[in-house]
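Engineer:
Protein chains: 2
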Amino acid sequence: MPVTSALPAEDQSLAIQVADRIRDMLIDGGFSPREKLSEQQISSQFGVSRNTLREAFRLLSSQGLVEHIPNRGAFVAAPGEAAVLDIYRVRQVIQRGAVIAAGPGHPALKRMRELVAQAETALDLGDWQKVGTLNMEFHRAMVELCDSPRLSAWFDLVLAELRLVFGQLDDTAHLHEPYVALNKSLVIALEAGRIADAVTQLEVYLLKSERAVLAALQRQKGQARKLA
Amino acid sequence: MPVTSALPAEDQSLAIQVADRIRDMLIDGGFSPREKLSEQQISSQFGVSRNTLREAFRLLSSQGLVEHIPNRGAFVAAPGEAAVLDIYRVRQVIQRGAVIAAGPGHPALKRMRELVAQAETALDLGDWQKVGTLNMEFHRAMVELCDSPRLSAWFDLVLAELRLVFGQLDDTAHLHEPYVALNKSLVIALEAGRIADAVTQLEVYLLKSERAVLAALQRQKGQARKLA
DNA sequence: CTATTATGGATTGTTCAACAATATAAAATC
DNA sequence: GATTTTATATTGTTGAACAATCCATAATAG
Numbered sequence: 000m001p002v003t004s005a006l007p008a009e010d011q012s013l014a015i016q017v018a019d020r021i022r023d024m025l026i027d028g029g030f031s032p033r034e035k036l037s038e039q040q041i042s043s044q045f046g047v048s049r050n051t052l053r054e055a056f057r058l059l060s061s062q063g064l065v066e067h068i069p070n071r072g073a074f075v076a077a078p079g080e081a082a083v084l085d086i087y088r089v090r091q092v093i094q095r096g097a098v099i100a101a102g103p104g105h106p107a108l109k110r111m112r113e114l115v116a117q118a119e120t121a122l123d124l125g126d127w128q129k130v131g132t133l134n135m136e137f138h139r140a141m142v143e144l145c146d147s148p149r150l151s152a153w154f155d156l157v158l159a160e161l162r163l164v165f166g167q168l169d170d171t172a173h174l175h176e177p178y179v180a181l182n183k184s185l186v187i188a189l190e191a192g193r194i195a196d197a198v199t200q201l202e203v204y205l206l207k208s209e210r211a212v213l214a215a216l217q218r219q220k221g222q223a224r225k226l227a
Numbered sequence: 000m001p002v003t004s005a006l007p008a009e010d011q012s013l014a015i016q017v018a019d020r021i022r023d024m025l026i027d028g029g030f031s032p033r034e035k036l037s038e039q040q041i042s043s044q045f046g047v048s049r050n051t052l053r054e055a056f057r058l059l060s061s062q063g064l065v066e067h068i069p070n071r072g073a074f075v076a077a078p079g080e081a082a083v084l085d086i087y088r089v090r091q092v093i094q095r096g097a098v099i100a101a102g103p104g105h106p107a108l109k110r111m112r113e114l115v116a117q118a119e120t121a122l123d124l125g126d127w128q129k130v131g132t133l134n135m136e137f138h139r140a141m142v143e144l145c146d147s148p149r150l151s152a153w154f155d156l157v158l159a160e161l162r163l164v165f166g167q168l169d170d171t172a173h174l175h176e177p178y179v180a181l182n183k184s185l186v187i188a189l190e191a192g193r194i195a196d197a198v199t200q201l202e203v204y205l206l207k208s209e210r211a212v213l214a215a216l217q218r219q220k221g222q223a224r225k226l227a
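Chains as they are written, first to last, in numbering that gives the first Met the number 0: chain A, 0 to 227; chain B, 0 to 227.
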């Protein structure tokens, strides 16, 4: 699930390798939401120099995964409601474009079908983690319908940011569960060439998903307040 | 015309300031297309250290304006046909989304109208340079119809890359000339709420523009061959 | 006791100098 | 003339240093 540079990690700049590793840790909760990323600590932890680490921070900051405050340092980004609203606005535009661009025999479409199937089995097994990743993969594949490397690459970044939001939540377990069926229905519509139908379904999907994420975020905020 | 960080250049990290300056030079032709950007030379030229310059390169490289080849250094990106095709595919998706999202009283719409008016006067004066910038501003404003900071910011980067293509061309003079009228027509359709009409016009616009750019790029390639 | 102002310590921002690793150019060999 | 070898320059990365800035604590004034 790139976001991370495609190359085999070797013969890539150290800074990029480090950025990839940190990104992974950010996404699967290796850091706390607003945690400060100390240059000294992390550079020694990763065994690289401060300069190299700073290059990595620059990348992550330009991707919205860490917030860089001048003279204060780098912090784990904690996207709030505004960010979620914005991200779903982006998804609305781009994924609608993807659905409209969907040709019937497109390879990405086949991949979407496969991913739905895998998600269904994962759902039966109760492997929520996997359902989540597969759902993300599904939407990544959808954007590939556009056949635009730039669009796909950037959408990856947006999804990474969204995953950062998920990381802030406690009860991510059933967050993706209701959507497997919707995804399947969407694929069927696309394969049948019922574009207008698919667009409607997508809009419904995104709206539902957005609300669920916002609600979960609200709950989280409430709990955080209680603790303080 | 941001792409460049919004802040007043002061109290921003030096690396970002440098990146902004280099970006400006890249866009208005301060460097040749495939020119090598020597760390030593440029760092001394800008009066910053190599480390700081490298941070700037990382940013520009992640924005597609310079190509970073491991152990070889940074080069001015020279987007080719593939990049142009991709960029226009992106524009198709995003700007179509923008037009669809256009509410009648949206401030961005007002700005679009103003920009068209300014472009018309610039056209009369034969100020091609200005016509070009205003055209870019027009499309930037169009994307603001989405009310999405992320989308706008990223679209800026894509436009910057496109401007880099223009920088490779010799005869950019009349490249934007035919489009002022189309822009005006588009605004009128939007203000009248004729969305479907506007979408069609946009598609026509983008197709024409894409073809013109590709043709100019082809010519350029031919000339380059002749010289070699 | 509260509010404000010093003060000291820690972290970031930036530079410099060094060295290893890699690529480019030139020279030497066949 | 083609290939290998040698030299040279450039990048990749590190470590140490210092100025600038922030933060928390202590000192001071009211």
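Cβ atoms here follow ideal geometry from the backbone N, Cα and C, with glycine treated the same way.
#1: My understanding is that A/A197 touches A/L205, with C-beta atoms under 8 Å, so please give their C-beta distance in whole angstroms.
#2: In this structure, how does DSSP classify A/Q217 when only helix, strand and coil are distinguished?
#3: Buried or exposed for B/T120, please, with buried defined as at least 16 other CB atoms from any protein chain shown within 10 angstroms of its CB.
#4: Start and end of the alpha helix (DSSP H) containing B/H138?
#5: Just the Cα atoms here: how many angstroms apart are B/L156 and A/D126?
#6: How would you label B/G104, buried or exposed, when you count the other beta carbons within 10 angstroms and need 16 or more for buried?
#7: What does a CB cutoff of less than 7 Å around A/V201 pick up in its chain, not counting 5 residues either side in sequence?
#8: Do you know offhand how far A/V2's Cα is from A/F154's?
#9: Would B/H138 pass as an interface residue toward chain A - the criterion being a Cβ-Cβ separation below 9 Å?
#10: When the cut-off is 9 Å and only beta carbons count, does B/A253 lie next to chain A?
#11: Closer than 7 Å by beta-carbon distance: list the chain B residues that pair up with A/S12, in chain order.
#12: Would you list the one or two residues that DSSP bridges to A/G72?
#13: For a minimum of 4 consecutive residues, which ranges assigned as the alpha helix (DSSP H) are wholly contained in the region 40-116 of chain A?
#14: For A/S48, I'd like the list of residues in its chain whose CB is within less than 8 Å of its CB, leaving aside the five on either flank, ordered along the chain.
#15: Out of curiosity, what's the CA-to-CA distance linking B/A8 and B/D19?
#16: Assuming B/V130 and B/H175 make a contact with CB atoms under 8 Å, what is their CB distance in whole Å?
#17: Comparing C-alpha positions only, which one of A/Q40, A/E80, A/A101, A/A55 sits nearest to A/A191?
#18: Does DSSP put A/L150 in a helix, in a strand, or in coil?
#19: Return the residues of the region 83-95 of chain A that lie within a Cβ-Cβ distance of less than 8 Å from chain B, sorted by chain order.
#20: Which residue's Cα is closest to the Cα of A/G166: A/L58, A/Q128, A/I194, A/R139?
#21: Does the beta carbon of B/Q16 come closer than 9 Å to any beta carbon on chain A?
#22: Give a yes or no on whether the minimum CB-CB distance between B/Q219 and chain A is below 9 Å.
#23: So the candidates are A/N50, A/Q11, A/R71, A/R57; which of them puts its Cα closest to the Cα of B/N70?
#24: Within 10 Å of its beta-carbon, does A/D85 have 16 or more other beta-carbons around it, so buried, or fewer, so exposed?
#25: Taking the alpha helix (DSSP H) that A/Q16 belongs to, which residues open and close that run?
#26: Going along chain B, which residues have a C-beta under 9 Å from A/D126?
#27: Can you tell me whether DSSP reads B/L36 as helix, strand or coil?
#28: In three-state terms, what does DSSP make of A/R193?
#29: Does the separation of the CB atoms of A/V89 and A/F45 fall below 9 Å?
#30: If you drop the 5 nearest sequence neighbours on each side, which residues of the same chain put their C-beta closer than 6 Å to that of A/E66?
#31: DSSP state of B/E176, grouped into three classes?
#32: Thinking C-beta only, is A/A140 closer than 9 Å to A/R110?
#33: Can you give the Cα-Cα distance for B/Y178 and A/S147, rounded to whole angstroms?
#34: How is A/T120 classed by DSSP in three states: helix, strand or coil?
#35: So what's B/T199 in DSSP terms, helix, strand or just coil?
#36: Since A/L58 meets chain B, which of its residues come closer than 7 Å, beta carbon to beta carbon?
Structural biologist: Working from what's here:
#1: Actually they are not in contact, since the Cβ atoms of A/A197 and A/L205 sit about 12 Å apart, beyond 8 Å.
#2: In the structure shown, A/Q217 sits in a helix (DSSP, three-state: H, G or I).
#3: Result: exposed.
#4: Note, B/H138: alpha helix (DSSP H), 127-143.
#5: Distance between the alpha carbons of B/L156 and A/D126: 39 Å.
#6: With fewer than 16 Cβ atoms within 10 Å of its Cβ, B/G104 is classed as exposed.
#7: Per the sequence shown, residue 201 of chain A should be read as Leu rather than Val. The residues are Q94, R95, V98, L185.
#8: For A/V2, the predicted model reports a pLDDT of 48, less than 50, meaning its position is unreliable and no value from the coordinates is stated.
#9: So no, B/H138 is outside the interface.
#10: Summary: the structure shown does not reach residue 253 of chain B, with chain B confined to residues 0 through 227, and so no result is reported for it.
#11: Those are P69, listed as they occur along chain B.
#12: When beta bridges are read from the DSSP output, A/G72 appears opposite A/I68.
#13: You should have 49-61, 80-100.
#14: These residues qualify, in order along the chain: S42.
#15: Since pLDDT at B/A8 reaches only 47, below the 50 mark, its modelled position is unreliable, and the value read off the structure follows with that caveat. So the two alpha carbons sit approximately 9 Å from each other.
#16: Rounded, the Cβ-Cβ distance is 5 Å, consistent with contact.
#17: Selected option, being the one with the closest Cα: A/A101.
#18: It is helical.
#19: Taking 8 Å as the Cβ-Cβ cut-off, the region 83-95 of chain A approaches chain B at D85, I86, R88, V89, Q91, V92, I93, R95, given in chain order.
#20: Among A/L58, A/Q128, A/I194, A/R139, the Cα nearest to that of A/G166 is on A/Q128.
#21: Closer than 9 Å: no.
#22: Cβ-Cβ to chain A under 9 Å: no for B/Q219.
#23: The candidate whose alpha carbon is nearest that of B/N70 is A/Q11.
#24: By the neighbour-count criterion, in which a residue is buried when 16 or more other Cβ atoms sit within 10 angstroms of its Cβ, A/D85 is buried.
#25: In this chain, the alpha helix (DSSP H) harbouring A/Q16 covers 13-26.
#26: Going along chain B, no residue has its Cβ under 9 Å from A/D126, so there is no contact; the nearest lies around 31 Å.
#27: Residue state, collapsed to three classes: strand.
#28: In the structure shown, A/R193 sits in coil (DSSP, three-state: anything other than H, G, I, E or B).
#29: No, Cβ-Cβ distance for A/V89 and A/F45 is not below 9 Å.
#30: If we look at A/E66 and ignore the five residues flanking it on each side, its Cβ neighbours are F74, A76.
#31: DSSP, read as helix, strand or coil, puts B/E176 in coil.
#32: Yes.
#33: For B/Y178 and A/S147, the distance between alpha carbons rounds to 25 Å.
#34: The answer is helix: DSSP assigns A/T120 an H, G or I state.
#35: Residue state, collapsed to three classes: helix.
#36: Those within 7 Å of A/L58 in chain B are R57, S61.
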